[in-house]
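Engineer: First the structure, then my questions, so here it is.
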Amino acid sequence: MKKMKGKVIALFATLAFILVFVSSINVVTLFQGSHEIKDITSPGNDILCKDCHERIYNELLPENSSIHENFNCEECHRLQKTADERTITHATSNSTGWYSGNESHACYTPRCLDCHGGTATYNPSTDRWETTYHNDTGEIKHAPVARAFNESPPEYGTDYSAHKQFVKQSSSDFDMSVGENEACIACHTNYSIEIEYSYFWNIEYTLNNWDFGNSFRYNGTRYNTSSKSESGAKHEFINTSDINCISCHKNIYDALVTGTDGGTNEDFLTHSPIEIYTSGDHMSDWDTDNPWGHYRYHYIPAPATNRAIWVNNSYCYKCHNVNKYANDNHADSTTYNLTNVTDDTNSTLVHCAEALTCQTCHGSEKTKKVKNNPDFHQHSGHTGTGFVDTIANTYARTFHGDICMGCHEAALHPSSGQCDDCHKHGRVNVYIESEPSGYAENT
Amino acid sequence: MNNLKMVFAIMAIVFLGIVVLPYSVSLFTGQHTWYELSEGYGSKCVKCHADIYGELKESANHSSLDGDIGDVSGEECYVCHRANESITYANASTDTGGQQAHAASTIGCGYCHLNKTVADLYDAPLAGGFGLVSGLSDDTGANASHYTFVTQSRDANILQNESESCVACHTTTIVKINFNVTTEATIEVNNSYTETESYWNITSITPSNYTNYTEVK
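Protein chains in written order, with the numbering used here: chain Y, 2 to 444; chain P, 14 to 230.
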């Protein structure tokens, strides 16, 4: 009886539904709301970017992004005039009428250099070189210039900028982003990067009276990967000071900090000339000063644990951006005569790092040209011979550092009895591996 | 008592017979009452599309397409849905039978907003900035972020042409977007060298480590 009653109710409900459905005179539009057009007549952007791009909106929040965190989307994506004076016309509607977009409709994809490129002028109030652009409301705004790379493509400044090739090829050879943005994003945001390097495995040479003869050889290929692993967000911008050289150049860091275990003998680490022993017998109690009369500039003193602390951005800048290092370390500027050293380099012409060799600072005409160590006056070394210049002029720049380090990291050199071979006669057999190993033998 | 009931029942049946029997009942009431089409089509559209009528009343645009500002009568419907000049619609006034469409045709936003000639007729704003407006030489769309969205909408075949993308932004339609974005790039850097020359060369930049997320507008 109960079952029957239920069936009757279900039957009536079905009939009622069919009746309501059939008697309805309306059909339903495919997309609800598709005929309700948004009002876009205000002077600003009435279609909120955040509605579809909330994730990016969140990336730009101050807790996530150190730069641009006070920008709205339109500041970049609807800017009206770039720093190199290109006009971007977007579709817009305001009290004076509607305007059809030309280069862009709602938003355009900017090159970073649209704001950070072009001509720069010095602004005393902010103490920085700035470019000028017109934002989404037409307001004149200023941005810090991306030095060197702001110069008109395809030049991007001088070849001394270590990352010029990266920027240049990002623009010309790859289309993952517009313009050269791949390069900008790689360093200046939390987008993750994995860099797979390939370069030579080792070099070897026999020096005889400061002459290589035909002995120079390079061998093998080293594959090395550095990973800059971050949140992956391209709209999380990081402070320039927080860009970590080591993230992308871990092989150099490893060479400096770990290298190859030298056991009880001297450590042999490429990029880090011989460590200084401040105690011990005559032969190992090396000076903490140097032939130029000041404390050694880019040496890392023992103990070895110092390396992990000392090797940081500042250490990189000591060589790769002397101008910045001098500005950041005024005390050192006096000690090391960094004004002149800066002039010896091209660090004022580069973006963040200079592609250099030992010759850049230690060539024959340079402030820190090679000098004989007065403590070892009987050993003339290659003082004043232009030996460094010869290396620079003869061999590919990629080998210069290791050619020098083949001797200057000391490595497995004899502990006694053969000093003159190397330090006077320039007579040595060198085998040295590239970073991160840095393993070297000089016998 | 039973007899009295029986009398009433018979009277009721007789009464119904008197009323109903001379007529046959039409399946749909009113189906033989014909509209005078020369009075306009609008109200007829609303009869079936009350939901769109409701949206249009709330809409910032298109609610006065018929020239009657301040009142949505339904006449606005055919300004768009009978606008296509390549279509012959049924038209009682000219005694024309429809060919490609009878009462109305579906239409893409671009019919008016990506065609300067048509836009000028209706004083419609052009959707420039995608490089798609015919008759607008300055429309390069060289930097449009949503260019791919617009052009690939043409392949979606839900609405006409690129209208899916227009509706997504310009109307109150709810949009759910499943993004699949890269969070990492793999960069291959090769040091090319001989004994006397060397240079660094980027051999590839490949986006990788994709992640999915959903945005709902």
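Here a beta-carbon is modelled for each residue, glycine too, at the ideal position from N, C-alpha and C.
Is N191 of chain P close to chain Y? Criterion is C-beta to C-beta, closer than 8 Å.
Structural biologist: Here residue 191 of chain P corresponds to residue number 178 of the second sequence, with the count starting at 1. So no, N191 of chain P is outside the interface.
Engineer: In the DSSP assignment, what residue or residues form a beta bridge with H135 of chain Y?
Structural biologist: What you label residue 135 of chain Y is simply residue 134 of the first sequence in a count that begins at 1. Looking at the DSSP assignment, H135 of chain Y forms a beta bridge with Y:K82 and Y:I141.
Engineer: Among the residues of its own chain, which have a CB less than 8 Å from the CB of R218 of chain Y, if the five just before and after it don't count?
Structural biologist: Numbered from 1 along the first sequence, position 217 holds the residue referred to as residue 218 of chain Y. So the list reads I204, E205 and Y206, once near-sequence residues are dropped.
Engineer: Between which two residues does the alpha helix (DSSP H) carrying R428 of chain Y extend?
Structural biologist: Taking the first residue of the first sequence as position 1, residue 428 of chain Y is located at position 427. Looking at the DSSP string, R428 of chain Y is not in any alpha helix (DSSP H), and its letter there is neither H nor E.
Engineer: Check this for me: beta carbons of S348 of chain Y and V323 of chain Y, under 8 Å apart or not?
Structural biologist: Along the first sequence, one-based indexing puts residue 348 of chain Y at 347. Along the first sequence, one-based indexing puts residue 323 of chain Y at 322. Yes. Within cutoff.
Engineer: Keeping to the same chain, check which residues put their C-beta closer than 6 Å to that of D1 of chain Y; ignore five residues upstream and five downstream.
Structural biologist: Residue 1 of chain Y is absent from the model: chain Y starts at 2 and stops at 444.
Engineer: If you count every other CB in all the chains shown that lies within 10 Å of the CB of V20 of chain P, and 16 or more means buried, which is it?
Structural biologist: Position 7 of the second sequence, counted from the first residue, corresponds to residue 20 of chain P. By the 10 Å Cβ count, V20 of chain P comes out exposed.
Engineer: What residue from P:C58, P:D81 and P:E68 has the CA that sits closest to R95 of chain P's CA?
Structural biologist: Start at 1 with the first residue of the second sequence, and residue 95 of chain P comes out as number 82. Selected option, being the one with the closest Cα: P:C58.
Engineer: Please state whether DSSP places S230 of chain Y in a helix, a strand or coil.
Structural biologist: The residue given as residue 230 of chain Y occupies position 229 in the first sequence. Of the three classes helix, strand and coil, the one that applies to S230 of chain Y here is coil, per DSSP.
Engineer: Can you name the start and end residues of the alpha helix (DSSP H) that Y337 of chain Y belongs to?
Structural biologist: Indexing the first sequence from 1 puts residue 337 of chain Y at position 336. That residue, Y337 of chain Y, is in no alpha helix (DSSP H); it is neither H nor E in DSSP.
Engineer: Between L61 of chain Y and H54 of chain Y, is the Cβ-Cβ spacing less than 8 Å?
Structural biologist: Start at 1 with the first residue of the first sequence, and residue 61 of chain Y comes out as number 60. Start at 1 with the first residue of the first sequence, and residue 54 of chain Y comes out as number 53. No, they are not a contact pair.
Engineer: For the alpha helix (DSSP H) that contains G123 of chain P, what are its first and last residues?
Structural biologist: As a first step, residue 123 of chain P must be located in the second sequence, where it is residue number 110. Here the alpha helix (DSSP H) through G123 of chain P covers G123 to H126.
Engineer: Taking only beta-carbon positions, decide if I26 of chain Y is within less than 8 Å of chain P.
Structural biologist: Locating residue 26 of chain Y in the first sequence gives position 25, counting from the first residue. Since pLDDT at I26 of chain Y reaches only 49, below the 50 mark, its modelled position is unreliable, and the value read off the structure follows with that caveat. So yes, I26 of chain Y belongs to the interface.
Engineer: Give a yes or no on whether the minimum CB-CB distance between M406 of chain Y and chain P is below 8 Å.
Structural biologist: Within the first sequence, residue 406 of chain Y is the residue found at index 405, counting from 1. Taking Cβ atoms only, chain P never reaches closer than 8 Å to M406 of chain Y, which makes this a no.
Engineer: Just mark N151 of chain Y as buried or exposed, buried being the case when its beta carbon has 16 or more other beta carbons within 10 Å.
Structural biologist: For the purposes of this step, residue 151 of chain Y is taken as the residue at position 150 of the first sequence. Buried is the call here.
Engineer: Rank Y:N46, Y:T132 and Y:N338 by C-alpha distance to the C-alpha of H295 of chain Y and give the top, closest one.
Structural biologist: On the first sequence, residue 295 of chain Y is found 294 positions in, with the first residue counted as 1. Of Y:N46, Y:T132 and Y:N338, the residue nearest in Cα terms is Y:N338.
Engineer: Does the region 177 to 195 of chain Y come within contact of the region 99 to 117 of chain Y, defined as at least 3 CB pairs closer than 8 Å?
Structural biologist: yes
Engineer: Distance, Cα to Cα, Y58 of chain Y vs S178 of chain Y?
Structural biologist: Translated into the one-based positions of the first sequence, residue 58 of chain Y becomes position 57. Translated into the one-based positions of the first sequence, residue 178 of chain Y becomes position 177. Rounded to the nearest angstrom, the two C-alpha atoms are 19 Å apart.
Engineer: With distances taken between CB atoms, is the gap from C408 of chain Y to V431 of chain Y smaller than 8 Å?
Structural biologist: On the first sequence, residue 408 of chain Y is found 407 positions in, with the first residue counted as 1. On the first sequence, residue 431 of chain Y is found 430 positions in, with the first residue counted as 1. Contact annotation: C408 of chain Y and V431 of chain Y have beta-carbon atoms nearer than 8 Å.
Engineer: Rounding to the nearest angstrom, what Cα-Cα distance links N171 of chain P and T186 of chain P in this structure?
Structural biologist: Taking the first residue of the second sequence as 1, we reach residue 171 of chain P at position 158. Taking the first residue of the second sequence as 1, we reach residue 186 of chain P at position 173. It should be noted that the sequence gives Ile, not Asn, for residue 171 of chain P. So the two alpha carbons sit approximately 14 Å from each other.
Engineer: So with CB distances below 9 Å, who are the chain Y contacts of K57 of chain P?
Structural biologist: If you number the second sequence from 1, residue 57 of chain P lands on position 44. Here the premise fails: no neighbours, minimum Cβ distance about 11 Å.
Engineer: CA-CA distance, E410 of chain Y and S273 of chain Y?
Structural biologist: On the first sequence, position 409 is the one that residue 410 of chain Y refers to. On the first sequence, position 272 is the one that residue 273 of chain Y refers to. Going from the Cα of E410 of chain Y to the Cα of S273 of chain Y covers about 7 Å.
Engineer: Mind pulling the chain Y residues with CB within less than 7 Å of A155 of chain P?
Structural biologist: Here residue 155 of chain P is taken as the residue at index 142 of the second sequence, counted from 1. Within 7 Å Cβ-Cβ: E104.
Engineer: Count the CB pairs spanning the region 97 to 106 of chain P and the region 152 to 171 of chain P that are closer than 8 Å, and state whether there are at least three.
Structural biologist: no
Engineer: Using the three-state DSSP reduction, which class does L139 of chain P fall into: helix, strand or coil?
Structural biologist: In the second sequence, the residue the question calls residue 139 of chain P occupies position 126. Coil, per DSSP.
Engineer: Following the continuous beta strand (DSSP E) through L208 of chain Y, name the residue where it begins and the one where it ends.
Structural biologist: The sequence position of residue 208 of chain Y within the first sequence is 207, counting from 1. Start and end: S193 to L208.
Engineer: I want to see whether chain P comes within less than 8 Å of W99 of chain Y, judged by CB atoms only; does it?
Structural biologist: In the first sequence, counting from the first residue as 1, residue 99 of chain Y sits at position 98. For W99 of chain Y, the answer is yes, since a Cβ of chain P falls inside 8 Å of its Cβ.
Engineer: Cβ atoms of H352 of chain Y and C320 of chain Y: under 8 Å apart, would you say?
Structural biologist: The residue given as residue 320 of chain Y occupies position 319 in the first sequence. The residue given as residue 352 of chain Y occupies position 351 in the first sequence. Cβ distance not < 8 Å, so C320 of chain Y and H352 of chain Y don't count as in contact.
Engineer: Mark L50 of chain P as exposed unless 16 or more other C-beta atoms lie within 10 angstroms of its C-beta, in which case mark it buried.
Structural biologist: Translated into the one-based positions of the second sequence, residue 50 of chain P becomes position 37. When all chains shown are included, L50 of chain P counts as exposed.
Engineer: Can you give me the C-alpha to C-alpha distance between T159 of chain Y and T164 of chain P, rounded to a whole angstrom?
Structural biologist: As a position in the first sequence, residue 159 of chain Y is number 158, starting the count at 1. As a position in the second sequence, residue 164 of chain P is number 151, starting the count at 1. Spanning the two alpha carbons is a distance of roughly 40 Å.
Engineer: From the beta carbon of N222 of chain P, is the nearest beta carbon of chain Y less than 8 Å away?
Structural biologist: Here residue 222 of chain P is taken as the residue at index 209 of the second sequence, counted from 1. Yes, because at least one Cβ of chain Y sits closer than 8 Å to the Cβ of N222 of chain P.
Engineer: I'd like to know whether the C-beta of L149 of chain P is nearer than 8 Å to at least one C-beta of chain B.
Structural biologist: Although the question refers to chain B, the structure presented lacks it and instead comprises the protein chains Y and P.
Engineer: For H126 of chain P and F72 of chain Y, what's the separation of their Cα atoms in angstroms?
Structural biologist: What you label residue 126 of chain P is simply residue 113 of the second sequence in a count that begins at 1. What you label residue 72 of chain Y is simply residue 71 of the first sequence in a count that begins at 1. Cα to Cα, H126 of chain P sits roughly 31 Å from F72 of chain Y.
Engineer: Around the C-beta of R308 of chain Y, are 16 or more other C-beta atoms found within 10 angstroms, so that it is buried, or is it exposed?
Structural biologist: If you number the first sequence from 1, residue 308 of chain Y lands on position 307. Result: buried.
Engineer: Which residues in chain P have a C-beta closer than 7 Å to the C-beta of T399 of chain Y? List them in chain order.
Structural biologist: In the first sequence, the residue the question calls residue 399 of chain Y occupies position 398. Per Cβ cutoff of 7 Å: N204, Y206 and S211.
Engineer: Give a yes or no on whether the minimum CB-CB distance between R308 of chain Y and chain P is below 8 Å.
Structural biologist: Taking the first residue of the first sequence as position 1, residue 308 of chain Y is located at position 307. It does not: the Cβ of R308 of chain Y has no partner Cβ on chain P nearer than 8 Å.
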